[in-house]
Amino acid sequence: MIPNVSHLRCLVCGAEYGPDDVDYVCPRHGDEGILDVVYDYGAIAAEVSRDDVETSGEETMWRYRALLPVAPGSPTPPLRVGRTPLYESLRLADRVGVSELWVKDEGVQPTGSLKDRASAMAIVKADERGAATIATASTGNAAAALAGLAASVGRETVIFVPAAAPEAKVAQLLAFGATVLLVEGTYDDAFELCLRASDRFGWYNRNTGYNPYMSEGKKTVAFEIAEALGWQAPDVVVVGVGDGCIIGGVAKGFRDLLALEWIDRMPRLVGVQAEGSAYLVEAWERGEDVLTKPPIDAHTVADSISAGLPRDRLKAMRAVRDSDGAFVAVPDEKILAAIPVLAATTGVFPEPAAAASLAGLLAAREEGHVGSGDRVVIISTGTGLKDVPAVRRGVEATGARPLRIAPDIGAVEDAIRGLENE
Ligand SMILES: *Cc1c(COP(=O)(O)O)cnc(C)c1O
Ligand SMILES: [Zn+2]
50 MIPNVSHLRC LVCGAEYGPD DVDYVCPRHG DEGILDVVYD YGAIAAEVSR
100 DDVETSGEET MWRYRALLPV APGSPTPPLR VGRTPLYESL RLADRVGVSE
150 LWVKDEGVQP TGSLKDRASA MAIVKADERG AATIATASTG NAAAALAGLA
200 ASVGRETVIF VPAAAPEAKV AQLLAFGATV LLVEGTYDDA FELCLRASDR
250 FGWYNRNTGY NPYMSEGKKT VAFEIAEALG WQAPDVVVVG VGDGCIIGGV
300 AKGFRDLLAL EWIDRMPRLV GVQAEGSAYL VEAWERGEDV LTKPPIDAHT
350 VADSISAGLP RDRLKAMRAV RDSDGAFVAV PDEKILAAIP VLAATTGVFP
400 EPAAAASLAG LLAAREEGHV GSGDRVVIIS TGTGLKDVPA VRRGVEATGA
450 RPLRIAPDIG AVEDAIRGLE NE
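Position in the sequence shown (from 1) plus 49 gives the number in the numbering used here.
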């Protein structure tokens, strides 16, 4: 029993189910029947207030436990997920041309990305189901998050990643003791295979946009942003979008807070996709129905937001439409170029998909979706250490390079003079 959850609702047909009646999706709609977790806000309001949260002393995402779909006695994993910093940057605000700008740094999560929020939730839900093994398909970060969180509680994981996943991400998985299946195909192939294998072997499935609880874990990032800003929602939140689970979760988090009257309005949500993986941008611009729009062929350097068929597209589309936000597409060069800009102006070190938020903010500014008076939060979703070769490409395009010198002071002098004369 989960006292604060009233039911699960199919986003396609609106059918309602008790949390114990279905495992993942609406049986009438198969894999497309993504469920939304619906809460009893009256019960939550009776149990907890903003003050209770602020004085809870819990320095993890479980600080918001009363707003999460977990049973009262369920243990949570020991790794410290959440409570990441929100840095204000005057310099970056100036450069972008907005009144206030904050960067939410998810690169400092235990396994280096925002995905830890969802995977921590997956561990709790798998335990509630009594499952010893958890499986997921992933472009890399969700898998690393699941493998790390599972290692912290001694659970087995089976991971399906596309064979082209960056090496650092695969190394991370193996270090955490995961069984890694490198699928010779796309993320979409890995996704389908993981569904079939989980079914056959009885594994708990963490797949994004299939397991209804992943966006519930991810929504805690919105709670933290609102709390850090004194429960004043920003005007705009910008984030990179692959499957759409993060942006859907961000919307859910702010909607929860609005329903509880802890904030008084929704921010506009801007979803950023790479030009080579712009399914949702296309659908949004053309007014297409994402239930029937066929997959596209996705290619981008930002591997974490490469998705031919965004699995959480219903939640993502709703997040942008209902908040009066926008989807924008940015070319790979601009994503890579945003890496050193974000790093050098704020000290936050992003992987390509994380820097996409800044590249997208610049595009949204040009396209008029974001104005000069807006108070904006960009989410840096993962650390640059995840994909060092991509960071290097972004840096080299600026002309920055190390200076190779002989080990003597004269060589240092020559090098520094040379820089001064450049
Ligand atoms: C997964 C991921 C995203 C995109 O999240 P979706 O839920 O797939 O839209 C963005 N950035 C990073 C670093 C990620 O790992
Ligand atoms: Zn349905």
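The beta-carbon is built from N, C-alpha and C at its ideal position, and this holds for glycine as well. Bear in mind the structure is a predicted one, so any value in this text is a computation, not a measurement.
Is the CB-CB distance between residue i and residue j below 8 Å?
i: residue 134; j: residue 157; result: yes
i: residue 183; j: residue 160; result: no
i: residue 289; j: residue 191; result: no
i: residue 124; j: residue 89; result: no
i: residue 146; j: residue 414; result: yes
i: residue 24; j: residue 433; result: Not covered by the structure: residue 24. The range shown for the chain is 50 to 471.
i: residue 265; j: residue 117; result: yes
i: residue 130; j: residue 397; result: no
i: residue 325; j: residue 300; result: no
i: residue 360; j: residue 257; result: yes
i: residue 284; j: residue 425; result: yes
i: residue 82; j: residue 74; result: yes
i: residue 461; j: residue 406; result: no
i: residue 188; j: residue 195; result: no
i: residue 313; j: residue 268; result: no
i: residue 291; j: residue 208; result: no
i: residue 394; j: residue 141; result: yes
i: residue 431; j: residue 163; result: yes
i: residue 375; j: residue 319; result: yes
i: residue 388; j: residue 380; result: no
i: residue 282; j: residue 315; result: yes
i: residue 350; j: residue 384; result: yes
i: residue 126; j: residue 55; result: no
i: residue 357; j: residue 235; result: yes
Here's the rule: buried if 16 or more other CB atoms are within 10 angstroms of the residue's CB, otherwise exposed. What is residue i?
i: residue 373; result: exposed
i: residue 465; result: exposed
i: residue 263; result: buried
i: residue 329; result: buried
i: residue 429; result: buried
i: residue 273; result: buried
i: residue 225; result: buried
i: residue 368; result: buried
i: residue 169; result: buried
i: residue 103; result: exposed
i: residue 148; result: exposed
i: residue 50; result: exposed
i: residue 470; result: exposed
i: residue 240; result: buried
i: residue 155; result: buried
i: residue 303; result: buried
i: residue 114; result: buried
i: residue 458; result: exposed
Per DSSP, residue i is paired with what?
i: residue 85; result: 58
i: residue 154; result: 429
i: residue 289; result: 321
i: residue 21; result: One cannot answer for residue 21 here, as it falls past the ends of the chain, which runs 50 to 471.
i: residue 231; result: 210
i: residue 53; result: According to DSSP, residue 53 bridges with nothing at all.
i: residue 399; result: 432
i: residue 133; result: The partner list for residue 133 (beta bridge, DSSP) is empty, contrary to what the question assumes.
i: residue 375; result: 319
i: residue 464; result: Bridge partners of residue 464: none, in fact.
i: residue 424; result: 149
i: residue 90; result: Residue 90 is not bridged to any residue.
i: residue 192; result: DSSP output for residue 192 lists no bridge partner at all.
i: residue 66; result: 57
i: residue 254; result: 184
i: residue 205; result: 182
Could you confirm whether any beta carbon from chain D is found closer than 8 Å to the beta carbon of residue i?
i: residue 270; result: No chain D appears in this structure, which consists of one protein chain only.
Tell me which residues pass a beta-carbon proximity test against ligand 2: closer than 5 Å to any heavy atom, given in chain order. 59, 61, 62, 64, 75, 77, 78 and 82
Runs of beta strand (DSSP E) wholly within the region 298-354 (minimum 3 residues, chain order): 317-323
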